[in-house]
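**Q** Please find one structure pasted underneath; my questions will follow.
Protein chains: 2
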Amino acid sequence: MHRTRVRVVEDALDANATIARANREDFDRHGVAVVNLMSAPGAGKTRLLERALDELPGVRAGVLEGDVAGSFDADRLSLLHIPVAQLNTGAGFGGECHLDANMVRSALPALPLGELDLLVIENVGNLVCPAEFRVGEDARIMVCSVTEGEDKPLKYPLMFRACELVLINKVDLLPHLDVDVDRLLGNLETVNPGVRHMLVSARTGEGVDELRDWLAEIPGRVRAAAA
Amino acid sequence: MHRTRVRVVEDALDANATIARANREDFDRHGVAVVNLMSAPGAGKTRLLERALDELPGVRAGVLEGDVAGSFDADRLSLLHIPVAQLNTGAGFGGECHLDANMVRSALPALPLGELDLLVIENVGNLVCPAEFRVGEDARIMVCSVTEGEDKPLKYPLMFRACELVLINKVDLLPHLDVDVDRLLGNLETVNPGVRHMLVSARTGEGVDELRDWLAEIPGRVRAAAA
């Protein structure tokens, strides 16, 4: 009599998780640490990268830019003379409002992974769906502009929970807003207790050194965790 | 011999379009004009409504609030003493990043349609997906905050094309930003030539009278079109 051994394959039907693992294996093989950068539209992701990736000490960085349409951000970042690839969700991916693991995988051949220590994946501007799709990253950063108001952590809790670092951007505008940054931080603490945050301004440079240090330490932390 | 006549039913498989038509028929039967209000998170939709719906001359207005989680905006608008219903996409709708016709339909029993001239549906904050789902509305307004930058019409063209009115909000902050509003308007003209726009500030009240007039005229325009 034949005995059939049934092995339960967890997540077997979750294509995104399968492809995210394949991405991760590629990243690990090339020794590149990967950050998924998320925010609402216009929160300042690209400008923060322009600041923080410029002269990142001892780290060879690259960027994968995700947008529905256009290559405006990739064009800006290419001025840093680092490898940048543009991924448009509008052409070929039905105008998706987020990056998923398969889209990221399709773009990897455009990047010299073996020559990078750190890859930043700048997601499509959206406070909902990007949080639902892992793409093979080691860490997730979200940017929240103070101009968006104090209530965003409570209204978009999944996004604020799905990250290891929250950048509160555009703090130079606080004197001109009716926004209480302590209340914003209290709401963040409510949905993601203890999460690391930094008050930054891509415009004035406030807090950018702290962000640069955090980014520069990721490749070492990933290597230490893998060893 | 039987002859079978095959009638092609357009959009028969598009459940959203079918339900949007049903919503529209309900709105028409009750004589209520409907506006779908869309923007990125934190662009100022609710605060503009607080301003514009207060003392809207001769128009009985109500609001359907769409959010992933919470009822913060509905609570704020209820202070205007108008009918307000809250629709959460997080509970029961899988945390959807937009409202669709079926979600709106599920919320209609919570609103006294027969007592309204104008219903404003405040969509989930998102510059991508809400533009893809008609919900039975007569007109679509989108709000773009100047803090989001000049490039948003080019990066999210579907949203900027899918509306009859674009509100450029937070213009009181322009002196404190590196944003050229003429360039923003030029990009808007590129993706949606001739679309009506207004420069507004929910904080200072600039442009709110013009918005209030536009909203007050919608019920009459809808009735005239139906006659």
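Listed in order, the protein sequences are those of chains P and E. The first sequence begins at 1 in the numbering used here and counts up one residue at a time. The second sequence begins at 228 in the numbering used here and counts up one residue at a time. Note that CB positions come from ideal geometry on N, CA and C, so glycine has one too.
N419(E) to L99(P), Cα distance in whole Å?
**A** Answer to the nearest angstrom: the Cα atoms are 26 angstroms apart.
**Q** Excluding the 5 residues flanking C356(E) on each side, which residues of the same chain have their C-beta closer than 7 angstroms to its C-beta?
**A** Correct list, in chain order: C324 and H325.
**Q** Taking the alpha-carbon positions, what's the R24(P) to G136(P) distance?
**A** When rounded, the distance between both Cα atoms is 5 angstroms.
**Q** Below 9 angstroms between beta carbons is the criterion; list the residues of the segment 171-182 of chain P that meet it against any residue of chain E, in chain order.
**A** Cβ contacts with chain E: D172, L173, P175, H176, L177 and D178.
**Q** How far does the beta strand (DSSP E) with H257(E) in it reach, from first residue to last?
**A** Unbroken run through H257(E) is the alpha helix (DSSP H), A242 to H257; no beta strand (DSSP E).
**Q** Within 10 Å of its beta-carbon, does D365(E) have 16 or more other beta-carbons around it, so buried, or fewer, so exposed?
**A** Buried: at least 16 other Cβ atoms inside 10 Å.
**Q** Extract the residue ranges of the beta strand (DSSP E) inside the segment 305-390 of chain E, only unbroken runs of 3 or more that lie entirely within it.
**A** If we require 3 residues or more, the beta strand (DSSP E) runs fully inside the segment 305-390 of chain E come out as 311-315, 345-349 and 366-372.
**Q** Taking C-beta pairs closer than 8 angstroms, name the residues in chain P that F299(E) reaches, listed in chain order.
**A** Near F299(E) (Cβ distances below 8 angstroms), the residues of chain P are D151, L154 and K155.
**Q** Note down, in chain order, each residue of its chain lying with its Cβ closer than 8 angstroms to the Cβ of A288(E), except the 5 sequence neighbours on either side.
**A** Result list for A288(E): L280, I309, L343, D344, L345, L346, V347 and L442, in chain order.
**Q** What is the DSSP secondary structure of G447(E), reduced to helix, strand or coil?
**A** G447(E): helix per DSSP, three-state reduction.
**Q** Can you list, in chain order, the residues of the segment 248-274 of chain E whose Cβ is nearer than 7 angstroms to any Cβ on chain P?
**A** Of all residues in the segment 248-274 of chain E, A267, P268 and G269 have a Cβ within less than 7 angstroms of some Cβ in chain P.
**Q** E189(P): buried (16+ other C-beta within 10 angstroms of its C-beta) or exposed?
**A** It counts as exposed.
**Q** Restricting to Cα atoms, I'd like to know which of G95(P), L167(P) and D180(P) is closest to G207(P).
**A** With distances taken between Cα atoms, G207(P) lies closest to L167(P).
**Q** Would you mind sorting G293(E) into buried or exposed? The rule is 16 or more other CB atoms within 10 Å of its CB.
**A** Buried is the call here.
**Q** Quick check on DSSP: helix, strand or coil for A227(P)?
**A** It is coil, neither helix nor strand.
**Q** For the segment 139-150 of chain P, enumerate the residues whose C-beta is nearer than 7 angstroms to any C-beta of chain E, in chain order.
**A** Listed by position along the chain: S145, T147, E148 and G149.
**Q** For V84(P), which residues in the same chain have their Cβ closer than 6 angstroms to its Cβ, ignoring the five residues on either side in sequence?
**A** Once the five neighbours on either side are set aside, the close Cβ partners of V84(P) are V63, A74, L77 and S78.
**Q** Which chain E residues are close to V68(P), counting only those with a beta carbon under 7 angstroms from its beta carbon?
**A** Per Cβ cutoff of 7 angstroms: V355, K382 and Y383.
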